[in-house]
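Visitor:
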Amino acid sequence: MLRSPAPTLYPMLSNFFSYIVQGTAITIGVTLVALPFGLLLGLLMALVHTYGGKIPNRLAAIYSLLLRGVPPIVLLFILYFILSGKVINLTPFWAGSLSLGIVSSAYQMEILRGALLAVGGGQMTAARAIGMSRLQAIQTIVLPQALRLAIPPWSNEASIVLKDSSLVYALGVPEILRRAQQLSATTQQPFLAYGIAALIYFVLVFATNRALDYLSERTKLPTHP
Amino acid sequence: MKRIVVLVSLLVVASILLSACGGSTAANHLEAIKEAGVIKVGTSADYPPFESVDENGNKVGFDVDLMTEIAKRLGVELEWVDMPFDSLIAAVQEGKIDASISAFNYSEERDQTIDFSDAYYTSEDAFTVAEGFAGTITNPEDVAAYKIGVQTGTTQDSWLTDTLVATGKLPEENLFRYDRVDQAMLDLQNGRIEVMMSDFVPAQALVEELGGLTIVYNGVLSSGPMNIVIPNGDAELQQAINDILKQLQEEGFIDELAVKYFAE
Chain A
-1 MLRSPAPTLY PMLSNFFSYI VQGTAITIGV TLVALPFGLL LGLLMALVHT YGGKIPNRLA
59 AIYSLLLRGV PPIVLLFILY FILSGKVINL TPFWAGSLSL GIVSSAYQME ILRGALLAVG
119 GGQMTAARAI GMSRLQAIQT IVLPQALRLA IPPWSNEASI VLKDSSLVYA LGVPEILRRA
179 QQLSATTQQP FLAYGIAALI YFVLVFATNR ALDYLSERTK LPTHP
Chain B
35 MKRIVVLVSL LVVASILLSA CGGSTAANHL EAIKEAGVIK VGTSADYPPF ESVDENGNKV
95 GFDVDLMTEI AKRLGVELEW VDMPFDSLIA AVQEGKIDAS ISAFNYSEER DQTIDFSDAY
155 YTSEDAFTVA EGFAGTITNP EDVAAYKIGV QTGTTQDSWL TDTLVATGKL PEENLFRYDR
215 VDQAMLDLQN GRIEVMMSDF VPAQALVEEL GGLTIVYNGV LSSGPMNIVI PNGDAELQQA
275 INDILKQLQE EGFIDELAVK YFAE
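Protein sequence lines correspond, in order, to chains A and B.
Residue numbers for the first sequence follow our numbering, beginning at -1 and rising by one.
Residue numbers for the second sequence follow our numbering, beginning at 35 and rising by one.
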C-alpha cells in the first residue's frame, strides 16, 4: 500500500498534457512580442551606437552595459512594476513580454552592432563617394548586408528569449513551466511534469533554429561565403 | 430672478461634477472591489490539498472553496491570479491583486508590510492510535519510540523528518509514508503501524467513521493558524473578510471543508 500511485493517474495525465500544451500558446505569444520588440529597439540602439555622434554613442553603450549587467529576472521585476503601475497599466502578459523584449534588446543590439561593423567602413566611404547621404547608405548598402550577417548569431538570441519566456511566470503568466510545476505538485510526478516541459521547449527551439537556418540560407548573398 | 437662474445652473453643474467624481473614486478599497464587481485573489496553485489544479486546469482545494464562498458572500465575482508563492506578498503590496489566500501562516515579519485576516483554519496535528495501545505519549517527541505513519509531502511529514528522523531519534525504517490518511488509518487498525500523525480535523472524522481508534494527543506542531493576506492598513476589507470567516466558522462550513480535503 505504501506510496502506491493513484489508479486514476494516467487518464489524468493526458488531460494534464493538454493543460501544459495550452501554456505553449502563451510561451509562443510572449516570445512573439518580446523578440520583435527587442529587435526594433536593439536595431535602433545599434545604429545609434555605430553611427550616432559622441554623446548618443555613449548613451547607447551605457544602455547596453546596464541591461546586460543585471540578471533578466531582476530587470523583469523592476520593469514590470513600472509598466504595470499606477501610470501605465498593462496586463501581466503585456508588461512581462515587453519587459523581456527590453532585456533582449541589449543583447540584440550587440549582435547587430557586430554585424554592422562586419560590413566594413569601406562600403560607407564608397557609398558616400558616389553621392549617397549617410542615411541612404545605411538603408540601402550597410543594413541589408548586416541583417543577413546577423541571422546566425540572432538565432541564438531567439532561442534564449524563447526559454527566458519562462521568467514571466514570476509575474503570474501561466506558461509552460508554471503549468509543469502545478502538474508536478498535483501528481507528485516531478520527473514526468518537467520532462513534458523540456520536450516542448526543445521542439520549439529546434523548430525556431531550423527556420532561421533556412532563412539564412535563402537570403545569403553571392558575395558572402 | 437672475440670481436664481445663476444659482440653479451652478447647482446643476456642481451636481454633475460631483456625480462624475463619485463614479470614479470609491471611498475605500472594499468599495472599489464592490463597484468593480470582482475581487482579484492571488494564490500559488501548487500546494494540494490547499490549492492546486485538477486535470482540467481548474483550481481546487480548501483555500479555493473557502475563497469562492467568501467572494459569494461579498457579492462579487472571484478572479484567480496564479503566481509563485514568493511573488504573492509583493503583488498584494503593489495592489496588483486585492488579497491572497495560499495557506499563509501568520508571521510578525510578514505583518510589517501587509495585513492578515483572522485565522480561518488552525491546522492542529493529532496522534492517533488503536484502542488498547500500550505505550504512553505525553510529549510529542515520545512517538519516536513507535512505528509511525504519515501522509507523504504533508507538513506532518516534514515535521517528523526534520525533528525526529534527521536528529536520529526515529529510525527511517519506522516512518511509514502513505498516499492517503485513510489508508494509513486502516493500517493502524490492523496493527501495521502504532501511531498515525495527521491533521486533527480529518483524524477526528476518521476515528468516528472507522471505530477502534483514539486520538491521544493534539496540538500545533507542524504548521499553525492560516490567514488571508490583505493590503496593509486595509481595515474595511479586513473587517468584511473577518465577519464572513466568523459566520462560516459558526455554520460549520470550514470544518466541513477540512473533512473534505484533509481526510483522504
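All C-beta atoms, glycine included, are put in the ideal place defined by N, C-alpha and C.
What you are looking at is a predicted structure, and each value in this text was computed from that prediction instead of being measured.
1. Between the alpha carbons of T197 of chain B and D97 of chain B, how many angstroms are there, rounded?
2. Any idea what DSSP makes of L0 of chain A, helix, strand or coil?
3. Going by C-alpha to C-alpha distance, which of B:G95, B:A79 and B:A218 sits closest to V293 of chain B?
4. Which residue marks the beginning of the alpha helix (DSSP H) containing Q137 of chain A, and which one marks its end?
5. Tell me the rounded alpha-carbon separation between E298 of chain B and A218 of chain B.
6. Do you know how far the Cα of R144 of chain B is from the Cα of A196 of chain A?
7. Under 7 Å Cβ to Cβ from Y155 of chain B, same chain only, skipping five residues before and after it: list those, please.
8. With a threshold of 8 Å between beta carbons, is N13 of chain A in contact with chain D?
9. Between V215 of chain B and Q238 of chain B, is the Cβ-Cβ spacing less than 8 Å?
10. Using 8 Å as the Cβ pair cut-off and three pairs as the minimum, do the region 28 to 46 of chain A and the region 96 to 112 of chain A touch?
11. Can you find a CB in chain B that lies within less than 8 Å of the CB of G281 of chain A?
12. Under a CB-based cut-off of 8 Å, is S232 of chain B close to chain A?
13. If the criterion is Cβ atoms closer than 8 Å, does the pair D116 of chain B and P265 of chain B meet it?
14. Taking F35 of chain A as the query, report the chain B residues whose CB atoms sit under 9 Å from its CB, ordered along the chain.
15. What did DSSP end up calling Y199 of chain A once you bin it into helix, strand or coil?
16. Which value, in whole angstroms, describes the spacing of the CA atoms of Y199 of chain A and N154 of chain A?
17. What residues in its chain sit with their C-beta under 8 Å from that of S74 of chain A, if we drop five residues either side in the sequence?
18. Compare the C-beta of M101 of chain B with all C-beta atoms of chain A and state if any pair is closer than 8 Å.
19. Could you give the C-beta distance for E165 of chain B and L244 of chain B, rounded to a whole number, given that I count them as a contact under 8 Å?
20. Applying the 10 Å Cβ sphere with the 16-neighbour rule, what's the burial state of F138 of chain B?
21. Run through DSSP, which three-state label would A164 of chain B get?
22. Taking the DSSP output, what are the residues bridged to S78 of chain B?
23. Taking D176 of chain B as the reference, give the member of B:T188, B:T189 and B:F161 with the closest Cα.
24. Smallest Cα separation from M107 of chain A: which of A:P54, A:A58, A:P90 and A:I194?
25. Measure from the C-beta of Y81 of chain B to each C-beta in chain A and report whether the shortest distance is under 8 Å.
26. Quick one: any contact between the region 174 to 193 of chain A and the region 77 to 94 of chain B, if contact means 3 or more CB pairs under 8 Å?
27. So what's F84 of chain B in DSSP terms, helix, strand or just coil?
28. For the alpha helix (DSSP H) that contains D221 of chain B, what are its first and last residues?
29. May I have the straight-line CA-CA distance separating K181 of chain B from V163 of chain B, to the nearest angstrom?
30. Less than 8 Å between CB atoms is the rule here; does G94 of chain A satisfy it with respect to chain B?
31. Take V126 of chain B as the anchor and find which of B:Q272, B:V263 and B:G267 has the nearest alpha-carbon.
32. By the 8 Å beta-carbon criterion, what residues does the region 136 to 166 of chain B contribute toward chain A?
33. Are I109 of chain A and P172 of chain A closer than 8 Å when you measure CB to CB?
34. Which partner residues of L247 of chain B appear in the DSSP bridge assignment?
35. Taking Cβ positions only, does P220 of chain A come closer than 8 Å to chain B?
36. Under 8 Å between the Cβ atoms of D159 of chain B and D233 of chain B?
Guide: Looking at the coordinates:
1. Taking the second sequence and counting its residues from 1, the one referred to as residue 197 of chain B is at position 163. Taking the second sequence and counting its residues from 1, the one referred to as residue 97 of chain B is at position 63. Here the alpha carbon of T197 of chain B sits roughly 28 Å from the alpha carbon of D97 of chain B.
2. Locating residue 0 of chain A in the first sequence gives position 2, where the first residue counts as 1. No answer about L0 of chain A holds up, because its pLDDT of 39 lies below 50 and its placement is not dependable.
3. Counted from its first residue, the second sequence places residue 293 of chain B at position 259. V293 of chain B has its Cα closest to that of B:G95, out of B:G95, B:A79 and B:A218.
4. Taking the first residue of the first sequence as position 1, residue 137 of chain A is located at position 139. Boundaries for Q137 of chain A: no alpha helix (DSSP H) harbours it, and the DSSP string shows neither H nor E there.
5. Here residue 298 of chain B corresponds to residue number 264 of the second sequence, with the count starting at 1. Here residue 218 of chain B corresponds to residue number 184 of the second sequence, with the count starting at 1. Low confidence applies to E298 of chain B: its pLDDT is 48, below 50, so where it sits in the model is not reliable, and the reading given next is rough at best. One Cα belongs to E298 of chain B, the other to A218 of chain B, and the distance between them is close to 10 Å.
6. The count along the first sequence starts at 1 and reaches residue 196 of chain A at position 198. The count along the second sequence starts at 1 and reaches residue 144 of chain B at position 110. C-alpha separation (whole angstroms): 35 Å.
7. By one-based count along the second sequence, residue 155 of chain B stands at place 121. Cβ neighbours of Y155 of chain B beyond the five flanking positions: M260, I288 and A292.
8. Here chain D cannot be found, since the structure's protein chains are A and B.
9. Residue mapping note: residue 215 of chain B aligns to position 181 of the second sequence, counting from 1. Residue mapping note: residue 238 of chain B aligns to position 204 of the second sequence, counting from 1. In this structure, Q238 of chain B does not lie closer than 8 Å to V215 of chain B by Cβ.
10. The region 28 to 46 of chain A is in contact with the region 96 to 112 of chain A.
11. With chain A represented from -1 up to 223, any question about residue 281 of chain A goes unanswered, as that position is not in the structure.
12. As a working note, residue 232 of chain B is residue 198 in the second sequence. No - not a single Cβ of chain A is within 8 Å of the one on S232 of chain B.
13. For this step, residue 116 of chain B is matched to residue 82 along the second sequence. For this step, residue 265 of chain B is matched to residue 231 along the second sequence. Result no, Cβ atoms of D116 of chain B and P265 of chain B do not sit closer than 8 Å.
14. Mapped onto the first sequence, residue 35 of chain A falls at position 37. The premise fails here: F35 of chain A is roughly 22 Å from chain B at the closest Cβ pair, so nothing lies under 9 Å.
15. For the purposes of this step, residue 199 of chain A is taken as residue 201 along the first sequence, with counting starting at 1. Assigned with DSSP and collapsed to three states, Y199 of chain A falls in helix.
16. The sequence position of residue 199 of chain A within the first sequence is 201, counting from 1. The sequence position of residue 154 of chain A within the first sequence is 156, counting from 1. If you take the alpha carbons of Y199 of chain A and N154 of chain A, they lie about 14 Å apart.
17. Within the first sequence, numbered from 1, the residue matching residue 74 of chain A stands at position 76. The question names Ser, but residue 74 of chain A is Leu in the sequence shown. Around L74 of chain A: G94, S97, L98, V101, L165, V166, A168 and L169.
18. Within the second sequence, the letter at position 67 stands for residue 101 of chain B. At least 8 Å separates the CB of M101 of chain B from every CB of chain A.
19. Reading the second sequence from its first residue, position 131 is the one you call residue 165 of chain B. Reading the second sequence from its first residue, position 210 is the one you call residue 244 of chain B. Wrong, their Cβ atoms sit about 11 Å apart, outside the cutoff.
20. By one-based count along the second sequence, residue 138 of chain B stands at place 104. Buried, because 16 or more other Cβ atoms sit within 10 Å of the Cβ of F138 of chain B.
21. Taking the first residue of the second sequence as position 1, residue 164 of chain B is located at position 130. Note: A164 of chain B maps to strand in three-state DSSP.
22. Here residue 78 of chain B refers to the residue found at position 44 of the second sequence. According to DSSP, which records beta bridges pairwise, S78 of chain B is partnered with nothing at all.
23. Along the second sequence, read from residue 1 onward, the residue named residue 176 of chain B stands at position 142. Of B:T188, B:T189 and B:F161, the smallest CA-CA separation from D176 of chain B is found for B:F161.
24. In the first sequence, residue 107 of chain A corresponds to position 109, counting from 1. Minimum Cα distance to M107 of chain A is reached at A:A58.
25. As a working mapping, residue 81 of chain B is identified with position 47 in the second sequence. Proximity of Y81 of chain B to chain A, defined by a Cβ-Cβ separation below 8 Å, is satisfied.
26. Yes, the region 174 to 193 of chain A touches the region 77 to 94 of chain B.
27. By one-based count along the second sequence, residue 84 of chain B stands at place 50. Coil at F84 of chain B, not helix or strand.
28. Looking up residue 221 of chain B in the second sequence gives position 187. V215 to Q223 is the span of the alpha helix (DSSP H), which, as asked, contains D221 of chain B.
29. Within the second sequence, residue 181 of chain B is the residue found at index 147, counting from 1. Within the second sequence, residue 163 of chain B is the residue found at index 129, counting from 1. Going from the Cα of K181 of chain B to the Cα of V163 of chain B covers about 11 Å.
30. In the first sequence, counting from the first residue as 1, residue 94 of chain A sits at position 96. Answer no: the Cβ-Cβ gap between G94 of chain A and chain B never drops below 8 Å.
31. For the purposes of this step, residue 126 of chain B is taken as residue 92 along the second sequence, with counting starting at 1. Restricting attention to B:Q272, B:V263 and B:G267, the CA atom closest to the CA of V126 of chain B is found in B:V263.
32. Within the region 136 to 166 of chain B, not one residue has a Cβ closer than 8 Å to any Cβ of chain A.
33. Against the first sequence, residue 109 of chain A aligns to sequence position 111. Against the first sequence, residue 172 of chain A aligns to sequence position 174. Not closer than 8 Å, so no.
34. For the purposes of this step, residue 247 of chain B is taken as residue 213 along the second sequence, with counting starting at 1. For L247 of chain B, the beta-bridge partners assigned by DSSP are B:A164.
35. As a first step, residue 220 of chain A is located in the first sequence; it is residue number 222 there, counting from the start. So no, P220 of chain A is outside the interface.
36. Looking up residue 159 of chain B in the second sequence gives position 125. Looking up residue 233 of chain B in the second sequence gives position 199. It is a contact, given that the beta carbons lie within the stated cut-off.
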